[in-house]
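The opening position of the sequence shown corresponds to residue 15 in this note's numbering, with each subsequent residue numbered one higher. Presented below is the structure to which this report refers.
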Amino acid sequence: MRFIVAKNDEELSQRAADLIAAQVILKPDCVLGLATGSSPIGTYDCLAKWYQEGRLDFSHVTSINLDEYQGLTPDNPQSYHYFMNEHFYSRVNIRPENTHVPDGADPDAERACKAYDKIIQEAGGIDLQLLGIGPDGHIGFNEPADAFSVGTHCVALDPSTIQANQRFFTDGQEVPRHAYTMGIGSILRARKIVLIASGAAKKAPVEASFFGPVVPSMPASILQLHPDCTVVLDEAAAAGIRDRIETD
Ligand code: GLP
């Protein structure tokens, strides 16, 4: 596991974008596992800028997102599909047919999740998976649980996650109580993982995940077992582990 501690948001975003750009340059038809949340927004800004400058080409890239709220359609501004359109798809030359987000509009959870696992399998797995981390250590929407999940599944969101994500829901709209998420097994099978965490609220889950026991009650802790995982932090998120890591 490698750690990068960035001086500010701009450097944090650039360092994560560097790793994604390297993947796209080395394997133009790669499969990127992408994430939503506030953490990767600056990274998508960098990638879009580098595309606009002619430095990156996404025309052969496939993207497979981590998760989606159940019940939200892609045209709902609170859906993760909408987020991806706004922050990434519409700003680069990725082909719409090569972009994938779980179908939150499908009320049949089993069907939607099976279909998503098929997409991951047919794409040949994920080359690089981008992750954020929730305040409770969740990755994707894999909440603390008694066991690590394997494939895509429907989760009941924890009250703390609902509260943390309420900031994106304006006008009195409620955060959906359920979501479809890629499983921990699929995330762990990605050939490379890049996790971004910034801000003081991530200090505790970062410390517990990377220096605590590997337990399903702290889902991101499983990443300790991954052979190629890079954790990109700002000073505040790294505060609990600063004296235990070597950085470059
Ligand atoms: C949501 C997403 C996660 C994300 C997390 C943290 O719950 N499902 O994929 O990592 O939020 O979000 P943020 O980066 O806004 O802190």
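Quick reminder that beta carbons are idealized off the backbone N, C-alpha and C, glycines included.
Outcome for residue i when other beta-carbon atoms lying within 10 angstroms are tallied against a minimum of 16
i: D43; result: exposed
i: G56; result: buried
i: P265; result: It is not possible to answer for residue 265, since the shown part of the chain is limited to 15 through 262.
i: E13; result: Outside the displayed range of the chain (15 to 262) lies residue 13, so it cannot be described from this structure.
i: V208; result: buried
i: R29; result: buried
i: Q37; result: buried
i: T184; result: exposed
i: F225; result: exposed
i: D141; result: buried
i: N156; result: buried
i: P219; result: buried
i: L40; result: exposed
i: P233; result: buried
i: K132; result: exposed
i: T87; result: exposed
i: V164; result: exposed
i: S52; result: exposed
i: S104; result: exposed
i: P110; result: exposed
i: P173; result: exposed
i: V45; result: buried
i: P241; result: exposed
i: G148; result: buried
i: N22; result: exposed
i: K206; result: buried
i: S200; result: buried
i: K128; result: exposed
i: L61; result: buried
i: S73; result: exposed
i: P91; result: exposed
Beta-bridge partners of residue i, as assigned by DSSP
i: V246; result: I18 and I210
i: S77; result: L46 and T113
i: T87; result: None, per the DSSP bridge assignment.
i: H95; result: Bridge partners of H95: none, in fact.
i: I153; result: N156
i: E82; result: Y194
i: C168; result: Y194
i: Q143; result: G47 and I207
i: T57; result: Paired residues: none, contrary to the question.
i: T175; result: Paired residues: none, contrary to the question.
CB-CB length for residue i against residue j, believed under 8 Å
i: S77; j: N112; result: 7 Å
i: C245; j: F102; result: The question names Cys, yet the displayed sequence has Val at residue 245. Not quite, the Cβ-Cβ distance comes to about 22 Å (not below 8 Å), so this is no contact.
i: P230; j: P158; result: 7 Å
i: G85; j: G118; result: 6 Å
i: L171; j: L48; result: Between L48 and L171 the Cβ distance is about 20 Å, and since that is not below 8 Å, they are no contact.
i: D81; j: G154; result: 5 Å
i: T166; j: G197; result: 6 Å
i: P54; j: I210; result: 6 Å
i: L26; j: S212; result: 6 Å
i: V228; j: A193; result: About 24 Å separates the two Cβ atoms, so there is no contact after all.
i: A222; j: G151; result: 6 Å
i: K217; j: A253; result: 5 Å
i: Y94; j: N79; result: 6 Å
i: M15; j: Q187; result: Their Cβ separation, rounded to whole angstroms, is 38 Å, which puts M15 and Q187 out of contact at 8 Å.
Next on the checklist: Extract the residue ranges of the beta strand (DSSP E) inside the stretch 179 to 240, only unbroken runs of 3 or more that lie entirely within it.
Outcome noted: 192 to 195 and 206 to 211
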